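Report on the following structure.
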Amino acid sequence: MPQSKNAKMPDFEKSLAELEKIVERMEQGEQTLDDTLKDFERGMALSEKCQKSLDQAQQKVEKLVKKHGSYKLEPLEDDLDGDLEDDLDDE
Numbered sequence: 022m023p024q025s026k027n028a029k030m031p032d033f034e035k036s037l038a039e040l041e042k043i044v045e046r047m048e049q050g051e052q053t054l055d056d057t058l059k060d061f062e063r064g065m066a067l068s069e070k071c072q073k074s075l076d077q078a079q080q081k082v083e084k085l086v087k088k089h090g091s092y093k094l095e096p097l098e099d100d101l102d103g104d105l106e107d108d109l110d111d112e
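Residue numbers for the sequence shown follow the numbering used here, beginning at 22 and rising by one.
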């Protein structure tokens, strides 16, 4: 059983890499409609798989933090938006 826990991260990385390749192919716009639909379907499945992995990782982190003390969740989007604005102001 411990092996399956260790395999989760490489599966996530592999799924994400495959998803990135699919997006690149679709952005090129040189595929047939049938190939594009197949890629879209596969991409949606990979996206769902990656999201589930991220959700599980977040739950595990929250559980560990709760176990070891108090914490405050802060939305990541706010931090990224502020960083992006700061970067744009610097240009």
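Yeah, the Cβ is synthetic: ideal placement off N, Cα and C, and Gly gets one too.
Keep in mind that this is a model prediction, so the values were computed, not measured.
For Q79, the uninterrupted alpha helix (DSSP H) segment begins and ends at 54-88. Here L67 really is in contact with L40; their C-beta atoms are around 4 Å apart, less than 8 Å. Looking only at Q49, H89, Q79, the smallest Cα-Cα distance to L97 is reached by Q79. Collapsing the DSSP output to three states places E51 in coil. Secondary structure at P31: helix, using DSSP grouped into helix, strand and coil.
The distance from the Cβ of D60 to that of M47 is about 6 Å, consistent with a contact at the 8 Å cut-off.
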